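Here's the structure we're looking at; comments come further down.
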Amino acid sequence: MELTYRDLATVLHGMGFGALFMLAFSGAIGVIYATAVGGGAAIYSAAQQRMFRIYLISMAVLAWLTVLSGTYIIYPWYRAKPPAGVVDLSRYPQRLLISNPMTAGWHDFGMEWKEHIAWMTPIVMTMVAYVFIKYGPQLALHRSMRRAVLGFTAAAFLATGVAGIFGAMLNKVAPVRGGSDAVAIRYVHHD
Amino acid sequence: MCTMTEDSHAATNGSGGAAILAAGAGCLSLGIFALAGDALPWAHRAFNIWSPSGPLSGVSLGAVAVWLVVWFLLARRWSTRDVNLAFVNLAAFGMLAGGLLLTFPPIMDALQGK
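Quick note, the sequences are listed as chains A and B, same order.
Note that this note's numbering has the first sequence beginning at 1, numbered continuously upward.
Note that this note's numbering has the second sequence beginning at 1001, numbered continuously upward.
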């Protein structure tokens, strides 16, 4: 049961940050809606309001960690160019994909879409967290603002979904591998 | 752009409007920069500010810079006043939609005549 360093980093990017962020979305919609509709101040205590703020800030931080780790740690491994003469492209995912017309679309469509649309999420979620912190229960008095925040949150969910689905599929078709081994669990096989 | 608030007891909506419109601007600039980096060789080179990540480094950094600058400027102007949020939302969602469309590869390709 061994993983390479790149395996671990990819798992941290996709499952540690990205998937956790996705899981938090339904909670974010609930927090914004419940706090805003009918005047959250009358329903929720100051401690609960503070917890909601921490929840949305955490989501924004997770979104930033996801795109930063993806762009500056995983993506360079993905797009690395093989040295001249190398015929085994298994450690060069982008080159492996575009070397075959049957798999080139995973890069030309999947990665091209994913790498850009993903960056909308931290921008949007930072805005959402800011507006929530700034207005909190007063969002109930600003219906237009509440609608905008919920609409942008839904768009961030779409962007994250696209990035997450293509990230998972790309790593299945052409996994980012290599680097030194990191032993997760030493398990001895017995016949 | 100044209007009455939806409720006289509510805080002014300018700060929220600034944040919302700036987020839309950031998303649209991301789409425009992504298209430019794909379509124009000089933009491709200009956005390549960190070679291991290629043009994505400059495209994303540029969009974040636009978002923050627009937010800063709008917040300075709007933080103590009310703005027409219906108009702000329309503009913000229009820019968000533009950004989403411009990052969609078939539309990027169509705009380049590919």
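Using N, Cα and C, we set each Cβ at its ideal position, and we do this for glycine too.
Note that the coordinates shown come from a computational prediction; the quantities given were computed from them, not determined experimentally.
Check: Around the C-beta of Glu112 of chain A, are 16 or more other C-beta atoms found within 10 angstroms, so that it is buried, or is it exposed?; Outcome: buried
Check: Give me the Cα-Cα distance between Trp1067 of chain B and Tyr130 of chain A, rounded to the nearest whole angstrom.; Outcome: 14 Å
Check: Mapping the DSSP letters down to three states, classify Leu12 of chain A as helix, strand or coil.; Outcome: helix
Check: What are the residues that DSSP puts in a beta bridge with Trp77 of chain A?; Outcome: Looking at the DSSP assignment, Trp77 of chain A forms no beta bridge with any residue, so it has no partner.
Check: Let me see if you follow: with CB-CB separation under 7 Å, is Gln94 of chain A close to chain B or not?; Outcome: no
Check: Where in the region 40-64 of chain A do unbroken runs of the alpha helix (DSSP H), each at least 4 residues long, occur, reported from the N-terminal end onward?; Outcome: 40-43
Check: Looking at the unbroken beta strand (DSSP E) that takes in Thr160 of chain A, where does it start and where does it end?; Outcome: First-last for Thr160 of chain A: 143-173, but that is the alpha helix (DSSP H), not the beta strand (DSSP E).
Check: How far does the alpha helix (DSSP H) with Thr1012 of chain B in it extend, from its first residue to its last?; Outcome: That residue, Thr1012 of chain B, is in no alpha helix (DSSP H); it is neither H nor E in DSSP.
Check: Could you work out which residues of chain A lie near Trp1067 of chain B, taking near to mean beta carbons separated by less than 8 Å?; Outcome: Ile123
Check: Of the residues that make up the region 147-160 of chain A, which ones have a beta carbon closer than 9 Å to any beta carbon in chain B?; Outcome: Arg147, Ala148, Val149, Gly151, Phe152, Ala155, Leu158, Ala159
Check: For the region 1032-1041 of chain B against the region 1068-1075 of chain B, are there 3 or more C-beta pairs whose distance is under 8 Å?; Outcome: no
Check: By Cβ distance below 6 Å, which residues in the same chain neighbour His13 of chain A in space, the five residues on each side in sequence not counted?; Outcome: Ser69, Gly70, Ile74
Check: Taking the beta strand (DSSP E) that Leu3 of chain A belongs to, which residues open and close that run?; Outcome: 2-4
Check: Taking the alpha-carbon of Ala156 of chain A as reference, which of A:Val128, A:Tyr135, A:Arg146 has the nearest alpha-carbon?; Outcome: A:Val128
Check: Check whether the region 1039-1049 of chain B touches the region 162-181 of chain A, taking contact to mean three or more Cβ pairs, one atom from each stretch, closer than 8 Å.; Outcome: no
Check: Could you give the distance in angstroms between the alpha-carbon of Ser1015 of chain B and the alpha-carbon of Arg147 of chain A?; Outcome: 16 Å
Check: Whole-angstrom Cβ separation of Pro122 of chain A and Ala63 of chain A, contact assumed at under 8 Å?; Outcome: 4 Å
Check: Can you grab the Cα-Cα spacing for the pair Gly161 of chain A / Ala34 of chain A, in whole Å?; Outcome: 24 Å
Check: Using only the alpha-carbon positions, how far apart do Ala1025 of chain B and Arg6 of chain A sit?; Outcome: 34 Å
Check: Quick check on DSSP: helix, strand or coil for Gly1062 of chain B?; Outcome: helix
Check: In the DSSP output, what is Gly1054 of chain B paired with across the bridge?; Outcome: B:Trp1050
Check: Looking at the secondary structure, which residues open and close the alpha helix (DSSP H) in which Asp1109 of chain B lies?; Outcome: 1105-1111
Check: Quick check: the Cα distance between Trp1078 of chain B and Tyr44 of chain A, rounded to an integer number of angstroms?; Outcome: 29 Å
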